[in-house]
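Sequential numbering from 519 applies to the sequence shown in this note's numbering.
Idealized CB from N, CA, C, for every residue including glycine.
Only one structure is covered here, and it is reproduced in the block below.
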Amino acid sequence: MGGNAWEWLADRQGDTALTAGGSWWYGAHQMRAESMQWKPADFSVVYVGFRCIYAALPRG
């Protein structure tokens, strides 16, 4: 999934939000999980999104 899209993180500073993961749009040098970038919190483009996750609870 790396390099497909920046993903929104929970970190906020005023009207900006942190994104991570890089995107094909920015080139190979930023398509890495450790790439971080602040963007306006209302920023809307095809290369920034979010991933749904589910934390399974242990059985028993």
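Measure the alpha-carbon distance for G539 versus G578 and round it to whole angstroms. Along the sequence shown, read from residue 1 onward, the residue named residue 539 stands at position 21. Along the sequence shown, read from residue 1 onward, the residue named residue 578 stands at position 60. About 35 Å.
For W542, count the other beta carbons within 10 Å of its own beta carbon; 16 or more makes it buried, fewer makes it exposed. Which is it? Numbered from 1 along the sequence shown, position 24 holds the residue referred to as residue 542. Exposed, by the Cβ-count rule.
Using the DSSP secondary-structure output, state which residues sit across from W524 in a beta bridge. Sequence index remark: in the sequence shown, residue 524 carries index 6 (1-based). Looking at the DSSP assignment, W524 forms a beta bridge with V566.
Run through DSSP, which three-state label would A573 get? Taking the sequence shown and counting its residues from 1, the one referred to as residue 573 is at position 55. Coil at A573, not helix or strand.
Three-state secondary structure (DSSP) of A551: To locate residue 551, count along the sequence shown from 1; it is residue 33. It is coil, neither helix nor strand.
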